[in-house]
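If you count the sequence shown from 1, position 75 lands on 60 in our numbering, and the numbers rise without skipping.
Where is the CB? At the ideal position from N, CA and C, for every residue including glycine.
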Amino acid sequence: MLRLSRLADYGVMVMAHVAAAPAAVHNAVDAATATGLPGPTVAKLMAKLARAGLLASHRGAKGGYRLSRSPCEISVAEIVIALDGPIALTQCSTHAANPASPSACDRESLCVSRRGINRINSAIRQALEDVSLAELAKPAFDFMAEPPPRNPAARLSGG
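Below is the structure:
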């Protein structure tokens, strides 16, 4: 089963909360209350997302964090990479994304599935890059108002 790490999942939740009111300054306590996540975890996530350049910190009594860019310009992939590092299904997928790094797999030269795995990894990375934070922050009723796709593959292919 493929799944995001817990921190990446929580980070996406926190970023979607912040994106719902992008002009406001959000603090960790309020974000934790709104998302139901532990305060220390939210504080750690927000600090890490700020170091990655996705949030901008604002000091002072009414300080906190604000998005560094428009929610339309921030992808889910950026959030995941900021919290988990490169998007990779396997160790060799990490190496394929950055050929300058040494491979962690001693069977890489013998692997017949490497090409297919790298293709799958690229598709997953592209899918995460194609979803913006603005889309995640949309209220659920906005999505319910959208007409259903004409065929089951249409939503996946964007048509």
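Contacts around residue i, its chain only, beta-carbon distance under 8 Å, and the 5 residues preceding and following it disregarded
i	result
Leu34	Gly(-4), Val(-1), Met0, Leu40, Tyr50, Ile64, Ala67, Leu68
Pro23	Ala17
Length of the line joining the Cα atoms of residue i and residue j
i	j	result
Pro7	Leu52	6 Å
Ile72	Ala28	23 Å
Ala81	Arg104	Note that Ala81 scores a pLDDT of 49, beneath 50, so its modelled location is shaky and nothing firm can be said.
Ala122	Thr20	12 Å
Ala9	Gly101	44 Å
Ala13	Ser107	33 Å
Ala17	Pro56	20 Å
Asp15	Ser60	23 Å
Arg44	Ala5	21 Å
Val116	Asp(-6)	14 Å
Ala32	Ser(-10)	17 Å
Nearest neighbour of residue i, chosen from the options [CA to CA]
i	options	result
Ala37	Pro124, Pro25, Gly70	Gly70
Lys47	Gln111, His11, Arg(-12), Pro124	His11
Ala118	Val3, Pro25, Thr26, Gly24	The sequence given here has Leu at residue 118, not Ala. Selected option, being the one with the closest Cα: Val3.
Nearest-angstrom Cβ-Cβ length linking residue i and residue j, presumed shorter than 8 Å
i	j	result
Ala62	Glu114	4 Å
Leu(-8)	Leu30	7 Å
Residues sharing a beta bridge with residue i, DSSP
i	result
Arg110	Bridge partners of Arg110: none, in fact.
Ala41	Arg51
His11	Tyr50
Ser117	Ser60
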